[in-house]
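Sequence lines, in order, name chains H and S.
Here the first sequence stands for residues 1 to 327, numbered as in the UniProt record's numbering.
Here the second sequence stands for residues 1 to 327, numbered as in the UniProt record's numbering.
Beta carbons are placed, not taken as given, at the ideal position from N, Cα and C, and that holds for glycine.
As the structure is a computational prediction, the values presented were derived from the model and not from experiment.
Number of protein chains: 2
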Amino acid sequence: MSAPQHTAAPSPEFDLIRRHFVRPMRAAALGPGDDCALVSPSPGHELAVTSDMLVAGTHFLPDTDPRRLGWKTLAVNLSDVAAMGATPRWVTLALSLPGLDHDWLAAFAAGFFDCADTFGVDLIGGDTTRGPLNLCVTAFGEVACGRAVRRGGAQAGDRIWVSGQPGRAALGLAELLGRLTLAPAARADCITALEQPQPRVALGAALKGLASAMIDVSDGLLADLGHIATASKVSAVVEDAALPWTALDAACSDRAAVRDALLAGGDDYELLFCAPPAADAALAALSARLGLALTRIGHIEAGQGVQLVDASGRSMPVARRGYDHFS
Amino acid sequence: MSAPQHTAAPSPEFDLIRRHFVRPMRAAALGPGDDCALVSPSPGHELAVTSDMLVAGTHFLPDTDPRRLGWKTLAVNLSDVAAMGATPRWVTLALSLPGLDHDWLAAFAAGFFDCADTFGVDLIGGDTTRGPLNLCVTAFGEVACGRAVRRGGAQAGDRIWVSGQPGRAALGLAELLGRLTLAPAARADCITALEQPQPRVALGAALKGLASAMIDVSDGLLADLGHIATASKVSAVVEDAALPWTALDAACSDRAAVRDALLAGGDDYELLFCAPPAADAALAALSARLGLALTRIGHIEAGQGVQLVDASGRSMPVARRGYDHFS
């Protein structure tokens, strides 16, 4: 007896998932399509787990290119995994969508999987639902047991380092919001830093055993350094003259905007870390191997808090330390 | 030299997390407060991972009691873990909140941790941000390697079983929406089924080795059974007379509403599973041990799709099979 009205035709929701978000697994025992995915960390490794939610209007401009948004949605989570010294392996993606726009979804998925393929990550599951645009990723990395680089390990005498060029994303956002005009040669670079940040996955993994404490710069350089200082129960001293100003000054003639972007601008996803002086040579070699600038921006002392100091060691005022969603 | 403007006073966002969402860990190497949490599955076990997102207006009424909403936000994820036969261990929670309402948050957290404590789960991390109300949980269970109960194992000759009393949540929702009036004796029970569902964690774990295929009823009994039929490449035959109608008929005199609630109502989070006849005695003993009804509602045949049949084996029409967010 046939009952065609009851055969399991694919629903629009399952069709959406299958069309845009199901790819072959690299390293999961079971991927999307059941109640749960199944994964196992490698022997001797533990899992590093993080969740980040991106909301339209809060984390990205509503008209952001969906392909770049797909990249960024994953990249900001991989950055948290990298900041533990872990290697990203698997992610879940939960999406709330105002409607079913297959062109938008195809572009979003292309950017998401571009990032996933770049860093060798499987999308193992998730959820799709209707509602205001909201993107929530949970990412899983693996790290040899006991070797994760936490925020609480900085010690007096350590040096403070930052990768790449923080501040570009904040300048890119200010340009898009019409608050300033960037030099033509720097405009695309700053907007790309905002919309398609590079999670420092190789750097993070290589800093295991070198860095004493690490965080990624998502809320602002001084704010995120404050989390290291608090967790490590130390004072972090940032030397103003040591900060990487040159490229930002070339990009933008508004000195106050440049200062705010570098000191308090989030969204660059560079790694900020502490390491003893004995690590200097290894860090120089690592920087050369990765083709990625590592800048020594200060040092750790006994005490508490974060201060910015001038060439004479005098404390300098800071207008803003970073971003808080509820201040 | 002191620089009080730079000391790391707790930000409103971190204060929110610490006040409402940080509890001692049962079994995580590292909980909230760093870039990632750190966890390890027990030796010989793999991880079962699921994400569910709840959106105001789509998954719950905007005026839902926040304590019950906290419970449900976690419970629906633990149900997915249970439906694999896995034991829930850890969860992350990402929240988008329209504002900072500490009373609402305290009630939401109380319900969330009530559920977490009931099922022995650690909240290991997450994210808080500003935006339309959206709650996203990722849950991790552990299950002995290779022993997870998937959707694709049903075989011709298996019996189809469902736990508890599916359909109550749909009747509770219809009552809250003013679409029908329930019998006074059943009203609170149906609304509790909707707002504070019981994930069948003990049942799910006990069904390893007994059930050939399993899913939780979230979208609707026939729709979710369709997922088993599709994954198992079999036909699922539901016998109308075998379904647990009695309690629903006592709760509601609207026969069409009762039929729709039991056949297509989601949100009960009962377990729907298949098992060979040889498992009958073990299932009866399990039902008695857990104090939880297990009802045999049909059987598996060769073929495909899901059909509902009357006492003569004739196919019966079905108005609706379940819920789809994008149909």
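Three-state secondary structure (DSSP) at residue i?
i                      : result
Gly33 of chain S       : coil
Glu13 of chain H       : helix
Cys115 of chain H      : helix
Gly305 of chain H      : strand
residue 334 of chain S : For residue 334 of chain S there is no data in the structure shown, the boundaries of chain S being 1 and 327.
Leu95 of chain H       : strand
Pro24 of chain S       : coil
Arg89 of chain S       : strand
Gly265 of chain H      : coil
Ala8 of chain H        : Because the pLDDT at Ala8 of chain H is just 42, under 50, the model does not fix this residue reliably, and the point stays unresolved.
Asp189 of chain H      : helix
Ala3 of chain H        : Unreliable positioning characterises Ala3 of chain H in this predicted model, as indicated by a pLDDT of 34, which lies under 50. The coordinate reading is nonetheless provided below. Here Ala3 of chain H sits in coil by DSSP.
Trp104 of chain S      : helix
Ala154 of chain S      : coil
Trp245 of chain H      : coil
Glu195 of chain S      : helix
Ala75 of chain S       : helix
Asp240 of chain S      : helix
Val121 of chain H      : coil
Glu46 of chain H       : strand
Arg296 of chain H      : strand
Arg321 of chain H      : coil
Asp127 of chain H      : strand
Arg159 of chain S      : strand
Glu270 of chain S      : coil
Ala311 of chain S      : coil
Gly141 of chain H      : strand
Arg18 of chain H       : helix
Ser51 of chain H       : strand
Ala83 of chain S       : coil
Ala183 of chain H      : coil
Met316 of chain H      : coil
Asp254 of chain H      : coil
Arg232 of chain H      : Reading off the sequence shown, one finds Ser at residue 232 of chain H, where the question assumed Arg. Three-state DSSP puts Ser232 of chain H in a helix.
Hey, residue i and residue j are a contact pair by Cβ (cut 8 Å); roughly how many whole angstroms apart?
i                 : j                 : result
Glu298 of chain H : Val238 of chain H : Sequence inspection shows Gly at residue 298 of chain H; the Glu mentioned does not correspond to that position. Rounded, the Cβ-Cβ distance is 4 Å, consistent with contact.
Gly85 of chain S  : Val22 of chain S  : About 31 Å; that fails the 8 Å criterion.
Ala144 of chain S : Gly44 of chain S  : 6 Å
Thr138 of chain S : Ser253 of chain S : Rounded, the Cβ-Cβ distance is 42 Å, inconsistent with contact.
Glu196 of chain H : Arg68 of chain H  : The residue you asked about is not Glu; residue 196 of chain H is Gln in the sequence shown. 5 Å between Cβ atoms; contact.
Ala229 of chain S : Ala236 of chain S : 4 Å
Ala28 of chain H  : Leu38 of chain H  : 7 Å
Ser96 of chain S  : Val55 of chain H  : 5 Å
Cys136 of chain H : Cys36 of chain S  : Actually they do not touch by this definition, with Cβ atoms about 16 Å apart.
Ser42 of chain H  : Leu47 of chain S  : Not a contact, Cβ separation roughly 13 Å.
Can you tell me which of the options puts its alpha carbon nearest to the alpha carbon of residue i?
i                      : options                                   : result
His59 of chain H       : H:Pro317, H:Asp280, H:Asn134 and H:Gly226 : H:Asn134
Thr295 of chain H      : H:Asp240, H:Arg321 and H:Pro197           : H:Asp240
Gly70 of chain H       : H:Met53, H:Ala185 and H:Gly265            : H:Met53
Ile300 of chain S      : S:Arg68, S:Ser212 and S:Pro98             : S:Ser212
Leu93 of chain S       : S:Asp103, S:His102 and S:Val121           : S:Val121
Asp219 of chain S      : S:Ala251, S:Leu262 and S:Ala231           : S:Leu262
Asp268 of chain H      : H:Arg289, H:Asp280, H:Asp80 and H:Gly291  : H:Asp80
Ala185 of chain S      : S:Thr129, S:Gly152, S:Ala251 and S:Leu221 : S:Ala251
Asp15 of chain H       : H:Pro24, H:Arg26, H:Gly33 and H:Met25     : H:Gly33
Pro276 of chain H      : H:Lys233, H:Lys208 and H:Ala154           : H:Ala154
Asn77 of chain S       : S:Val49, S:Thr64, S:Pro98 and S:Pro66     : S:Val49
residue 345 of chain S : S:Pro199, S:Leu38 and S:Ala281            : Because residue 345 of chain S is not part of the residues shown, which for chain S are 1 to 327, the question remains open.
Gly303 of chain H      : H:Ser96, H:Ala156, H:Arg255 and H:Leu100  : H:Ala156
Gly152 of chain H      : S:Pro24, S:Leu30, S:Ala278 and S:Arg289   : S:Leu30
residue 363 of chain S : H:Pro66, H:Gly57 and H:Gly141             : The question about residue 363 of chain S has no answer here: the residues shown for chain S are numbered 1 through 327.
Ala279 of chain S      : S:Leu292, S:Ala257, S:Ala264 and S:Gly209 : S:Gly209
Trp90 of chain S       : S:Pro24, S:Ala257 and S:Ala107            : S:Pro24
Pro62 of chain S       : S:Trp104, S:Ala83, S:Pro88 and S:Ala75    : S:Trp104
Does any residue of chain A bring its CB to less than 8 Å from the CB of residue i?
i                 : result
Ile215 of chain S : Considering every chain present, this structure includes no chain A. Its protein chains are H and S.
Members of the stretch 106-121 of chain S that neighbour chain H once the beta carbon cut-off is set at 8 Å
none
Assess, as a yes-or-no matter, whether the stretch 164-174 of chain S is touched by the stretch 273-291 of chain S under the definition of 3 or more beta carbon pairs within less than 8 Å.
no
Using 8 Å as the cut-off, can you tell me whether the stretch 222-229 of chain S makes contact with the stretch 101-114 of chain S, which would need three or more C-beta pairs spanning the two stretches below that distance?
no
Which residues of the stretch 253-264 of chain H have a Cβ closer than 7 Å to any Cβ of chain S? Give them in chain order.
none
Could you list the residues in the stretch 31-62 of chain H with a C-beta less than 9 Å from some C-beta on chain S, going in chain order?
Gly33, Asp34, Asp35, Cys36, Ala37, Leu38, Val39, Ser40, Pro41, His45, Glu46, Leu47, Ala48, Val49, Thr50, Ser51, Asp52, Met53, Leu54, Val55, Ala56, Gly57, Thr58 and His59
Contact between the stretch 175-193 of chain S and the stretch 300-313 of chain S: three or more CB pairs below 8 Å?
no
Kindly confirm or deny that the stretch 153-163 of chain H and the stretch 255-272 of chain H touch, where touching means at least three C-beta pairs closer than 8 Å.
yes
For the stretch 180-193 of chain S and the stretch 245-262 of chain S, state whether three or more C-beta atom pairs, one from each stretch, are separated by less than 8 Å.
yes
According to a CB-to-CB cut-off of less than 7 Å, which residues of the stretch 152-175 of chain S neighbour chain H?
none
What are the residues of the stretch 59-89 of chain H that lie near chain S, defined by any Cβ-Cβ distance shorter than 9 Å?
His59, Ser79, Asp80, Val81, Ala82, Ala83, Met84 and Ala86
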